[in-house]
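What follows is one structure encoded as C-alpha cells, with my remarks underneath.
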Amino acid sequence: MLDNLVFSLNATVPVFLLMVLGLFLHRIGWMDDRFASYLNGFVFHLPLPVLLFRQLATVRIVEVWDAKFVVFCFAVTFLSVLIALLCSLPLRERALRGEFIQASYRSSAALLGVSLIMNMYGTGGMAPLMIIGAVPLYNVMAVLVLMVTAGEGKLDGALLRRTLRNVLLNPIIDGIALGFVWSALRIPMPAILDKFTSNVGALATPLGLMAMGATFSFKKALGRVKPALSASFLKLFGFEILFLPLAVSLGFRTEKLVAILVMLGSATTVSCYVMARAMGHEGVLSSSCVMLTTMLSAFSLTFWIFLMRSMGFI
Numbered sequence: 496m497l498d499n500l501v502f503s504l505n506a507t508v509p510v511f512l513l514m515v516l517g518l519f520l521h522r523i524g525w526m527d528d529r530f531a532s533y534l535n536g537f538v539f540h541l542p543l544p545v546l547l548f549r550q551l552a553t554v555r556i557v558e559v560w561d562a563k564f565v566v567f568c569f570a571v572t573f574l575s576v577l578i579a580l581l582c583s584l585p586l587r588e589r590a591l592r593g594e595f596i597q598a599s600y601r602s603s604a605a606l607l608g609v610s611l612i613m614n615m616y617g618t619g620g621m622a623p624l625m626i627i628g629a630v631p632l633y634n635v636m637a638v639l640v641l642m643v644t645a646g647e648g649k650l651d652g653a654l655l656r657r658t659l660r661n662v663l664l665n666p667i668i669d670g671i672a673l674g675f676v677w678s679a680l681r682i683p684m685p686a687i688l689d690k691f692t693s694n695v696g697a698l699a700t701p702l703g704l705m706a707m708g709a710t711f712s713f714k715k716a717l718g719r720v721k722p723a724l725s726a727s728f729l730k731l732f733g734f735e736i737l738f739l740p741l742a743v744s745l746g747f748r749t750e751k752l753v754a755i756l757v758m759l760g761s762a763t764t765v766s767c768y769v770m771a772r773a774m775g776h777e778g779v780l781s782s783s784c785v786m787l788t789t790m791l792s793a794f795s796l797t798f799w800i801f802l803m804r805s806m807g808f809i
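Mapped onto the numbering used here, the consecutive letters of the sequence shown carry residue numbers 496 to 809.
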C-alpha cells in the first residue's frame with residue numbers, strides 16, 4: 496500500500512511542483528501575465544509539437560498504432576460532451592450552460608498527458624494516439640456548444656469552417672501527423688536531428704507547466720462557485736467513475752489507461768476561457784473551472800493513479 500502511494504506521489508507531485516514554481520515566479524514578479532501568455536503560446540507552437548513528432552518518428556508506427564484505443568478516446572469524448580450537456584440543463588442562463596459544458600469535458604490533455612506519462616514511464620507512450628482521438632473533437636464541439644448557447648444561438652457556417660481549418664493547422668496535430676508519416680515511411684532519424692528535437696522537446700514540460708501555474712488566480716477560482724464546483728467534480732471524478740471501469744473491462748492497461756485518465760480528468764484547459772470570451776460569453780465560469788481544476792487535479796490524479804496502481808492496472 497505504501498509503495499503504491501509513493502509511486503502515485505512520484506508520478507504527480509513533480510508535475511504539479513512545476514506549476515507551483517510558475518505560481519511563485521508570478522507572485523514575485525519574475526513571470527507576469529503577459530510573459531506567461533507568450534510562454535504558453537511558445538510551448539503550444541514549438542516544443543510540444545516537436546516532442547510529439549519525435550516520439551512517433553523514432554518508433555515503428557505499425558507497432559504503436561491501436562485503432563481500438565483511438566476510437567475509444569473519440570467515443571468517450573463525445574459521450575462526455577453529451578453528459579455535460581445533460582448536467583447543464585438545471586442552469587437557467589443559456590450562455591452559462593455553454594461554458595459549463597465546455598469546461599466540464601475539455602482537458603489539458605496534450606501538455607499534462609505527455610508530462611504525466613513521461614514522468615511515469617520515461618516516454619510519451621500513448622499520449623499522441625489519445626490526442627488524435629480526443630483533441631480535434633474537443634475543439635469542434637467547443638465551438639458548436641459556445642455558438643449555440645451565445646447570442647441568438649445560431650450556427651455560423653464561416654466560423655465552423657474556420658474551426659475545421661484551425662484543427663487541421665493545429666501545431667500539435669501537425670506534429671503528430673508528421674511523426675506518423677516519418678515513421679510509416681521508415682525515414683531514418685539522423686543523430687543531429689535526433690539530438691536537436693530531443694533538446695527542443697525537453698522544453699515543453701517545464702515551460703508549459705510553469706506557464707499554467709503562473710496564470711492561476713484564487714480570485715478567479717471563486718468567480719462562479721456553485722456551477723464551477725459542479726463542473727469541476729464532473730471533470731475530476733464524474734467521468735472517471737463512468738469510463739475508467741469501461742476502459743479496464745476493454746483491456747486497457749498501464750500507459751493506455753493513464754492516457755485515458757488524463758484525457759478524462761486533467762485540468763480544464765486555459766483555452767476554454769479564451770474561446771468563451773472570443774465567442775461572446777462572460778468567461779467567469781470558464782476561468783473559475785480552469786483555476787479550480789488546476790488546483791484540485793493534483794489531488795484527484797494522485798488518487799486515481801493510487802487506486803489503479805493498488806488494483807494492479809498500471
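Even for Gly, the Cβ is constructed at its ideal location relative to N, Cα and C.
Treat the numbers as computed from the prediction; the structure is a model and nothing was measured.
For Ser781, the secondary structure class from DSSP, reduced to helix, strand or coil, is helix.
Residue state for Thr710 is assigned as coil, using DSSP reduced to three classes. Taking the Cα of Val785 as reference, the smallest distance to any Cα among Val508, Leu512 and Ser603 is reached at Ser603. In this structure, the beta-carbon distance from Glu735 to Trp799 falls below 9 Å. The three-state reading of DSSP puts Thr763 in strand, counting E and B together. Non-local C-beta neighbours of Arg681 in its own chain, meaning closer than 8 Å and more than five positions away in sequence, comprise Arg555, ordered along the chain.
For the options Leu702, Leu688 and Arg660, the alpha carbon positioned closest to that of Leu516 is the one of Leu702. Per DSSP, Phe808 lies in no alpha helix (DSSP H) segment and is marked neither H nor E.
Ser602 has Thr763 as its beta-bridge partners, per DSSP. In the three-state scheme derived from DSSP, where H, G and I count as helix and E and B as strand, Val769 is classed as helix. Taking all protein chains shown into account, Ser744 has fewer than 16 neighbouring C-beta atoms within 10 Å of its C-beta and is therefore exposed. Rounded to whole angstroms, the gap between the alpha carbons of Leu504 and Ala697 is 22 Å.
In this structure, the alpha-carbon of Met758 lies about 15 Å from that of Pro740. Counting along the chain, the unbroken alpha helix (DSSP H) around Leu577 starts and ends at Ala562 to Ser583. The beta carbon of Ser693 sits closer than 8 Å to those of Arg549, all from its chain and outside the five residues before and after it, given in chain order. The segment 555-574 makes contact with the segment 629-639; the number of CB pairs closer than 8 Å reaches 3 or more. Between Thr797 and Asn535, the alpha-carbon positions lie close to 24 Å from each other. Judged by DSSP in its simplified three-state form, Glu588 adopts coil rather than helix or strand. Non-local C-beta neighbours of Phe808 in its own chain, meaning closer than 7 Å and more than five positions away in sequence, comprise Val743, Arg748 and Leu752, ordered along the chain.
If you draw a 10 Å sphere on the C-beta of Arg657, you find fewer than 16 other C-beta atoms in it, and that means exposed. Short of 7 Å from the beta carbon of Ile627, and not among the five residues preceding or following it, lie these beta carbons of its own chain, in chain order: Val565 and Ile671. Nearest in C-alpha terms to Gly617, of all of Val576, Leu546, Ile578 and Leu584, is Leu546. The residue from Phe539, Val643, Cys582 and Val765 with its alpha-carbon nearest to that of Asn665 is Phe539. With contact defined as three or more Cβ pairs closer than 8 Å, the segment 576-584 and the segment 763-778 are not in contact. By the CB criterion at 9 Å, Ala598 and Thr710 fall outside the cutoff. The C-alpha of Leu659 is placed about 13 Å away from the C-alpha of Asp669. Between Lys721 and Gly760, the C-beta spacing is not below 9 Å.
Rounded to whole angstroms, the separation of the alpha carbons of Leu512 and Ala605 is 18 Å.
DSSP places His540 inside the alpha helix (DSSP H), whose first and last residues are Asp528 to His540. Exclusion of the five residues before and after Gly674 leaves Leu547, Phe548, Arg549, Gln550, Leu551, Ala552 and Pro623 as the residues of its chain whose Cβ lies within less than 8 Å of its Cβ.
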